[in-house]
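Protein chains in written order, with the working numbering: chain A, 301 to 505; chain B, 301 to 505.
These notes are about the structure you will find just below.
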DNA sequence: CGTTCGTTCGAACGGTTGTTCGGTGAGGTG
DNA sequence: CACCTCACCGAACAACCGTTCGAACGAACG
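Here it is, written out as structure tokens:
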């Protein structure tokens, strides 16, 4: 078998094992077995365990980013762009749960300098969100404010990016609209007073 | 030294090492050293590595839950209860970052039956949030809807439950208000149409 | 035919891990 | 004093880890 045929199944095997066991508990032997290779056979293709994690992360992030940019390109208004981001993320969570898991959990296991390289790609994804919020924001929030809002939004998405919240394409699409609406309405009116909550707070403190 | 004096520093050492390295990469030897004990000396107090993780998780969740219930007891209105939840969570994130990290990341490493026990405690925390949202919701959302909303809220919080978003008590308190407002406004108006976003969506699909 | 090259493997190496065992010594009790 | 308990430790053990080495195999090429 040639390299071009082996590589995809090696990466798929590595992704699955990493997501299932976590990076440290995942063993190269299990990855090799799942890819249909012996232990030493696997080392003919990849340099080591960390490189395997890097390759899988790099590839998964490229997929996620490509899916986002594709949807973003078809979105005309800032609100549609927000919806595109939400839909992309939740759709990715539904279709590629293992990939999302290592993106959110296992990337921290990388050592420098690969860690920074992946961190940069994650940052690029985040800054897509930040750009969208900047377009949307009518209040001209500071960069810090917009940055924390982006993290709020993506945190929300990761909060439901797991079964049993996402079960089918249709459910995911309708949930995306709900989430986008929830965030957008909150974001636009984030300075509105919640009168009784404020009163209760003052009484407490 | 007696057991009552050793236990706290053992648990603190374990918490720090688990949070710093991750459960699998954390070594019992490092925990023992940080607690001022030899390797075998540590085994005089605890049964093993997994029990150590369980004890730390159990204790941390108890602290978090106690802090929440204390604040909740002083909150009169549903809105104030929401603010109490947000403030508790973000304050915990600021004061006990290591504890929050293992609660969110390392609890999955537990094996049954301890895993279920911790999962139940996490569930109890979640259902506090669900109860609050049920009180707040004017639309009478379904249990599924409220449950996913709870996960959205806690996901948001975990999205910024990290430096550099939380730097001081004051910043945390003001950020808590912003976040609570953002979520509440969004939650209350979650069925409102975003007219142009909807239009753009229809054009896309 | 002989040689080389890419692919694959069995077997082993050194290191680290969680855990256990046998013992040491201090402090209290009779 | 003898006795026992509790806190603690050095040393070892077995298992597993990631990684490497040397060789076998078939195909391609001259």
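Here a beta-carbon is modelled for each residue, glycine too, at the ideal position from N, C-alpha and C.
Predicted model, so just to flag it, every value in this text is computed and none were measured.
The beta carbon of residue 369/A lies closer than 6 Å to none in the same chain, with the five residues before and after it left out.
Residue 391/A carries a helical assignment under DSSP once its states are collapsed to helix, strand and coil. The three-state reading of DSSP puts residue 464/A in coil, since its state is none of H, G, I, E or B. Inclusion of residue 390/B and residue 468/B in the CB contact set at 7 Å is not warranted, their separation being larger than that value.
Inclusion of residue 452/B and residue 459/A in the CB contact set at 7 Å is warranted, their separation being smaller than that value. Taking all protein chains shown into account, residue 344/B has fewer than 16 neighbouring C-beta atoms within 10 Å of its C-beta and is therefore exposed. The distance from the Cβ of residue 481/A to that of residue 481/B is about 16 Å, inconsistent with a contact at the 8 Å cut-off.
Setting aside the 5 residues that flank it on each side, residue 354/B is surrounded in the same chain by 410, 414, 417 and 418, each with a C-beta closer than 8 Å to its C-beta; the list follows chain order. In this structure, DSSP gives residue 324/A a state outside helix and strand, which the three-state scheme calls coil. For residue 379/B, the three-state secondary structure derived from DSSP is helix. In the structure shown, the three-state DSSP call for residue 440/B is coil. Burial of residue 406/B is indicated by the presence of at least 16 other C-beta atoms within 10 angstroms of its C-beta. Each residue's CA atom was taken as its position, placing residue 484/B and residue 443/B some 18 Å apart. Here residue 305/A has no same chain residue with a Cβ atom under 6 Å from its own Cβ, once five neighbours each way along the sequence are excluded. For a cut-off of 8 Å, the C-beta gap from residue 421/A to residue 319/A is around 18 Å, too long to register as a contact. Taking a 10 Å sphere around the C-beta of residue 464/B, we find fewer than 16 other C-beta atoms and assign the residue as exposed. DSSP, read as helix, strand or coil, puts residue 344/B in coil. Chain order gives the chain A residues near residue 487/B as 482 and 486, where near means a beta carbon separation below 8 Å.
Within the same chain, 356 and 398 come within 6 Å of residue 315/B by CB-CB distance, once the 5 residues on both sides are set aside. With a 10 Å radius around the Cβ and a threshold of 16 neighbouring Cβ atoms, residue 457/A comes out buried. Short of 7 Å from the beta carbon of residue 323/A, and not among the five residues preceding or following it, lie these beta carbons of its own chain, in chain order: 353, 406 and 409. Across the set 338/A, 392/A, 450/A and 446/A, the C-alpha of 392/A shows the shortest separation from the C-alpha of residue 364/A. A distance of 7 Å or more separates the beta carbons of residue 335/A and residue 351/A.
About 5 Å separates the CB atoms of residue 479/A and residue 386/A; that is less than 8 Å, so the two are in contact. CA-to-CA, the gap between residue 327/B and residue 404/A works out to about 23 Å. Residues of chain A with a Cβ closer than 7 Å to the Cβ of residue 478/B are, in chain order, 490. In the structure shown, residue 396/A falls within a coil segment according to DSSP collapsed to helix, strand and coil. Taking residue 361/B as the centre and dropping the five residues before and after it, the same chain places the C-beta of 403, 418, 421, 422 and 425 closer than 8 Å to its C-beta, in chain order.
Excluding its 5 nearest sequence neighbours in each direction, residue 311/B has C-beta neighbours in its own chain below 7 Å: 355, 356 and 359, listed in chain order. Taking 7 Å as the upper bound on Cβ-Cβ separation, chain A lies near residues 322, 324 and 325 of the region 314-338 of chain B. Cα atoms of residue 445/A and residue 371/B: separation of roughly 27 Å, rounded to the nearest angstrom.
Restricting attention to 461/A, 342/A, 329/A and 333/A, the CA atom closest to the CA of residue 307/A is found in 342/A. With a beta-carbon spacing of about 38 Å, residue 331/A and residue 381/A fall beyond the 8 Å limit used to define contacts.
Comparing alpha-carbon positions, the option among 329/B, 487/B and 466/B lying closest to residue 396/B turns out to be 466/B. Cβ-Cβ distances below 7 Å link residue 472/B to 390, 391, 394 and 466 in the same chain, with the five nearest sequence neighbours on each side left out; the list follows chain order.
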